[in-house]
Every structure is written in structure tokens, then in C-alpha cells.
Amino acid sequence: MDAIQNDELVISNQGTIKSNQDTIKSNQKVIKDNQGTILKNQGAIKTNQGAILSNQGAIKTNQKTIVDNQKSLKANQGTIISNQKAIIGNQKSILTNQKTLDKILKNQEAILKLLKKK
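As C-alpha cells, this is what we get:
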């Protein structure tokens, strides 16, 4: 190999080395950017985990509220049934009172007839 060929190879290798160094530098920047993205994503994941825990707490509270409301509804249904029974009882009393009033009215009419005859 003569000196000119050797010089050309050295120049070519130096170009390759510089190109590789530029590629390494570019890759290092990409790695640094990716590491920043990873850190941001980890922060977002941590935030989301906090939100999930908070939502789970809210769900648990809502489930307890639902159970409490169901108990209240059951109690209210019992009260409604009792009130309906009382209404039926009152209606029966009203009917009885109306029958009694009808008898009183008939008696009064009979008394009036007797008084008119005298």
C-alpha cells in the first residue's frame, strides 16, 4: 500500500469517526429526551395512582350511602304500609259513622212524622 492510499484511508476513517461521533451525540440527546419523558410519565402515573385511590375512596363512600339509603327506603316503605292500613281503618270508621248518621236521620224523620200527626 502506498502512502497516498494510506492517507486516503485515514481521511475516510476520520470522516467515518466524525459521523459516528455525531450519531453518538444525537443518540445521547435522544436518550436524554427519553429519560425526561420517562420522568414526566412516572409523575403522571403517580398522579393517576393518587386519583385512582381517591376515586376508590369515593366509590366506597357512595356504596355505603347506597346501603344507608336502601335501609331508609325499607323503613319508609314500612311506614307507608302502616299509614295505608291506618287510612283503611279510618275509611271503615267513616263508613260506620255515615251509617250511624243515616240511622239518626231516619229517626229524626220518623220523629218529625210523629210530631206532625199530633
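Just so we're on the same page, my numbering is the position in the sequence shown counted from 1, plus 339.
All C-beta atoms, glycine included, are put in the ideal place defined by N, C-alpha and C.
Quick caveat, the model's predicted, so the values are computed rather than measured.
The C-alpha of Ile398 is placed about 16 angstroms away from the C-alpha of Asn387.
Separation of Asn352 and Gln374 (C-alpha to C-alpha, rounded to the nearest whole angstrom) is 32 angstroms. The three-state secondary structure of Lys399, taken from DSSP, is helix.
Here DSSP, grouped into helix, strand and coil, assigns Asp341 to coil.
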